[in-house]
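As structure tokens, the structure follows; a few thoughts come after it.
Numbering (the numbering used here), first residue to last: 198 to 297.
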């Protein structure tokens, strides 16, 4: 079985330039420190999807998306905005992610 290439190093470098950092990487998701957005690996090399927290304001979302996409291009990383997500606390104290 082939292990998919996941460009976590490229994402870390990109975030560092934006004054952000990876707070948690789990499976195919990369959570960012302030939780305004997250990345999802696509399994296709240097291609990642970008989702914004539903609580991120439109102006901030547009500013961040532009900076993230430009920074990705400079590193050979293709970032595709895909939509939004919401973190939902479950009764058992776990968190679910709902994508839209």
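Heads up, the beta-carbon is just placed ideally off N, CA and C, and yes, glycines get one too. As the structure is a prediction and not an experimental result, all values here were calculated from the model.
Worksheet item: Could you give the residue range of the beta strand (DSSP E) that holds residue 295?
Response: 292 to 296
Item to complete: Run the CB neighbour count on residue 268, radius 10 Å, all protein chains shown included, and call it buried at 16 or more, exposed below.
Response: buried
Discussion item. So, under 8 Å CB-CB, residue 233 and residue 250 are touching, yes? Tell me the CB distance rounded to an integer number of Å.
Written reply: 5 Å
Item to complete: Output the boundary residues of the beta strand (DSSP E) element that contains residue 246.
Response: 244 to 250
Fill in: Presumed contact (8 Å Cβ cut-off) between residue 277 and residue 247, rounded CB distance
7 Å
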